[in-house]
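> Residue numbers (this note's numbering), protein chains in the order written: chain A, 11 to 468; chain B, 100 to 204.
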Amino acid sequence: MDPLTVLLAVLLSALSTILYIFIGILPGTDETATMAPILLTLLLMGVDPLLALVWFAASIAAFKMADSIPVALAGIPGGVMAVPQVPDALTAKDAGLADTILRKGIASSVVGQFVALATTLTISYYLMPLGDWLRATDEVLPNVKVARWFWILLIGLLVLALTSRNKGLALISIPAFALGVQGLRAVYGRSVYISFFLGITIGPMMFELLSMLHTELKKTYERKGLKEIKLAKIGEIPLNPLKILTREEVAQSTLWSAVTSILATVMSPVGLTILIGDLLRESKKDKVRGSVLAYTVRDAVKNATYIGGTVIPLLVIGQPTGPMAAGPAMPFFQKLENLGMSARDYLVTHYDYLTISLSLIGSSLIAFLIAYPLLVKYSRKITVAVFRRVPAEALYGLFIAIVIMLSYYDARIAGVFGTLIISIVSGALWKLGVSLGVLFMTLVAAPTLVAILMGLPI
Amino acid sequence: MVDVLLNVLNNKIPSRVFHDVVLFVGDEEVFYELYGEYVSLREFGVATLISTILALAFYFMSPYVANLIGVPPTGLSITLGAVGASVGFFISVFLTRVKRVIKEV
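Following this line, the structure appears as structure tokens:
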């Protein structure tokens with residue numbers, strides 16, 4: 011890398027960290043909705059994919075560290091991944107341990123990110139030769155060729171569907187949604203992607219918003235007065251992370267970060283965060299001790315699954331095989347007109363493994379050097395500033411504007427309406443208990459799934 | 100420096116142009132819960148409209164700007180569109196109110 015690229019990488023890492031500290035603390039900021047459009051915008055702007063990757067790794071570090079801060083202080087999740095931490099945070103808060111879980115969460119995020127980077131970069135190095143084999147195709151039905159990576163994606167998709175709240179609907183929505191997507195693509199006459207992706211991303215918000223056009227449904231969303239947020243007081247927190255975590259917490263965070271970073275290649279990060287946290291909480295007889303341990307390790311698992319879910323599909327498989335790669339990291343896998351290939355393909359053909367690895371480690375290091383002391387020292391003040399100064403309307407308005415612009419860019423006015431219909435369907439399925447990850451992965455699998463469906467002799 | 104900045108944000112700047120109105124009518128006003136946050140549909144509409152108009156205006160301006168500075172318009176259109184949406188966000192921050200009350204426990 012030349013000095014200018016290094017300088018830009020440092021600047022982008024710092025900028026991404028500061029931006030995602032605020033986004034992370036803001037309540038109701040979905041990861042895919044906030045990370046993917048910005049990443050996609052950067053790539054479409056012509057930013058080098060390596061710099062976009064640097065931005066993305068720093069955003070994971072800062073976002074996943076910051077989104078549990080409002081959980082510890084007020085019991086309000088800053089993002090979807092922080093939702094599983096709420097019950098444990100409330101238990102700890104009731105026991106007067108708000109500042110304990112706050113500092114433990116921040117410290118274990120650092121452990122999670124670096125353990126996941128070490129694990130997945132090592133595994134990816136040894137598995138990279140498998141990439142060509144995985145990308146080869148086999149004829150499974152007459153005239154239907156299927157790439158081998160598709161079966162990994164399908165396993166992940168089925169696992170995710172079976173861990174959705176509404177398993178039955180999740181399973182039958184896979185072929186139905188795939189047919190809908192391919193049908194729209196046939197109408198458009200080309201393989202539109204961005205507008206469908208953004209449609210799923212804003213689905214839950216659009217569904218709630220459009221429900222308000224119905225008089226009876228609108229009443230169910232009515233709330234009187236302002237939203238009351240109770241913030242816990244916190245004491246002084248030491249800057250040295252080694253003084254924050256116990257040996258058991260370090261060991262459990264390290265072990266589960268390594269395991270979940272690999273599993274996230276095909277499994278849901280939220281599902282893994284819930285599973286590991288619940289296992290650890292139940293392993294303790296004392297409820298408060300169990301909750302503190304679960305909260306702490308969950309913070310590490312959040313970072314680890316986001317890193318693992320990105321790195322292995324990016325470096326080894328070359329296709330989005332899990333909910334993380336098919337969600338927030340999806341822009342890396344989509345073919346971009348300005349590059350003539352996907353950002354992923356550009357990365358692996360223009361940069362060597364060492365450069366990519368050092369960029370990921372370097373950007374995470376910069377992110378934590380900025381975020382860690384900032385959050386340890388000022389987490390409460392930043393939370394108060396964000397809660398008092400950033401209206402939800404302005405933030406939601408910004409996201410909708412970016413979605414409309416990118417949808418128009420993708421398929422002009424038809425793209426905007428394509429986003430609308432996909433968002434309504436996605437929002438409805440989400441409301442009925444289907445994980446959005448199922449829809450993101452179905453979007454990736456749709457061409458092959460429909461080809462198989464049409465090729466079946468029944 | 101961070102301390103000074105956060106103190107200014109938290110104490111020294113009046114909350115919003117509508118701040119006094121919120122304090123006066125806040126308990127009675129009806130909002131709608133959207134994605135876990137309380138919103139006013141009117142303000143949400145205004146914020147979305149401002150950000151969208153500015154995003155699209157900047158987006159459509161991009162071929163002329165690209166022509167002027169001699170760069171390909173594809174990447175620039177997204178860049179300018181994102182700048183427009185962000186300008187809309189900062190304008191909206193001053194036109195919309197925060198619907199949260201913070202209490203220390």
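The C-beta atom is built at its ideal place from N, Cα and C for all residues, glycine as well. On a predicted model such as this, the values are computed, not experimentally measured, just so you know.
(1) When the cut-off is 8 Å and only beta carbons count, does B/Ser161 lie next to chain A?
(2) Quickly, what does DSSP pair A/Leu346 with across the bridge? List them, please.
(3) Check distances from the C-beta atoms of the segment 219-250 of chain A to those of chain B and list, in chain order, the residues that come in under 7 Å.
(4) Where do the N-terminal and C-terminal ends of the alpha helix (DSSP H) with A/Tyr30 fall, by residue?
(5) Can you tell me which residues form a DSSP beta bridge with A/Lys240?
(6) List, in order along the chain, the chain A residues whose C-beta lies closer than 8 Å to that of B/Ile149?
(7) Where does A/Gly209 land, buried or exposed, given buried means 16+ other C-beta within 10 angstroms?
(8) Given that B/Ile68 touches chain A, what residues does it touch there, using C-beta distances under 7 Å?
(9) Between the alpha carbons of A/Ser367 and A/Val358, how many angstroms are there, rounded?
(10) Which whole-angstrom value describes the C-beta separation of A/Pro87 and A/Pro37, a residue pair presumed to lie in contact below a C-beta threshold of 8 Å?
(11) Taking the beta strand (DSSP E) that B/Tyr137 belongs to, which residues open and close that run?
(12) Touch check for the segment 212-220 of chain A and the segment 421-436 of chain A: three-plus C-beta pairs under 8 Å?
(13) Among all the DSSP beta bridges, which residues are the ones paired with B/Phe130?
(14) When the Cα atoms are used, what is the spatial distance from A/Arg390 to A/Ser301?
(15) If you draw a straight line from the C-alpha of A/Gln123 to the C-alpha of A/Ala314, how long is it?
(16) Mind listing the chain B neighbours of A/Glu284? Cutoff is C-beta to C-beta under 7 Å, in chain order.
(17) What is the DSSP secondary structure of A/Ala157, reduced to helix, strand or coil?
(18) Can you give me the start and stop residues for the beta strand (DSSP E) that A/Leu151 sits inside?
(19) Enumerate in chain order the residues of its own chain whose CB-to-CB distance from A/Leu463 is below 8 Å, with the five nearest sequence positions on each side excluded.
(20) Thinking C-alpha only, which one of B/Val192, B/Phe130 and B/Glu203 is nearest B/Val145?
(21) If you drop the 5 nearest sequence neighbours on each side, which residues of the same chain put their C-beta closer than 6 Å to that of A/Ile204?
(22) Within 10 angstroms of the Cβ of B/Phe189, are there 16 or more other Cβ atoms? Answer buried if so, exposed if not.
(23) Would you mind working out which of A/Ala395, A/Phe343 and A/Ala411 sits nearest A/Ala62, comparing C-alpha positions?
(24) What's the call for A/Lys237, buried or exposed, on a 16-neighbour Cβ count within 10 Å?
(25) In chain order, what residues of the same chain lie with their CB nearer than 7 Å to the CB of A/Val276, ignoring the 5 residues before and after it?
(26) Buried or exposed: B/Tyr137, going by 16 or more other Cβ atoms within 10 Å of its Cβ?
(27) Just the chain B side, please: which residues come within less than 8 Å of A/Tyr1 by C-beta, in chain order?
(28) Alpha carbons only, please: which of A/Met75, A/Gly287, A/Asp296 and A/Leu194 is nearest the one belonging to A/Val426?
(29) Residues in its own chain within less than 8 Å of A/Gly85 by CB, not counting five upstream and five downstream?
(30) Consider the Cβ of B/Phe188: report whether some Cβ of chain A lies at a distance smaller than 8 Å.
(31) Measure the alpha-carbon distance for A/Leu54 versus A/Ala68 and round it to whole angstroms.
Walking through what the data contain:
(1) no
(2) A/Met351
(3) Leu219, Met222, Tyr231, Glu232, Arg233, Lys234, Gly235, Leu236, Lys237, Glu238, Ile239, Lys240, Leu241, Ala242 and Lys243
(4) Pro13 to Ile35
(5) B/Lys202
(6) For B/Ile149, the residues of chain A that pass the 8 Å Cβ criterion are Gly407, in the order they occur in the chain.
(7) buried
(8) Chain B is shown only over 100 to 204; residue 68 of chain B falls outside these bounds and no answer can be derived.
(9) Here the alpha carbon of A/Ser367 sits roughly 11 Å from the alpha carbon of A/Val358.
(10) 7 Å
(11) Glu136 to Val138
(12) yes
(13) A/Arg233
(14) 22 Å
(15) 5 Å
(16) For clarity, residue 284 of chain A is Ile in the given sequence; the question names Glu instead. Near A/Ile284 there are no residues of chain B at all, since even the closest Cβ is about 18 Å away, more than 7 Å.
(17) Per DSSP, reduced to three states, the secondary structure at A/Ala157 is strand.
(18) Thr147 to Leu151
(19) Pro185, Ala188 and Leu189
(20) B/Val192
(21) Leu416 and Asp420
(22) It counts as exposed.
(23) A/Phe343
(24) buried
(25) Ile162, Ile165, Gly166, Val169, Thr331 and Gly332
(26) That one is buried.
(27) As displayed, chain A neither begins before 11 nor continues past 468, which places residue 1 of chain A out of reach and without an answer.
(28) A/Leu194
(29) These residues qualify, in order along the chain: Val96, Ala99, Leu100, Lys103 and Lys240.
(30) So, interface residue.
(31) 19 Å
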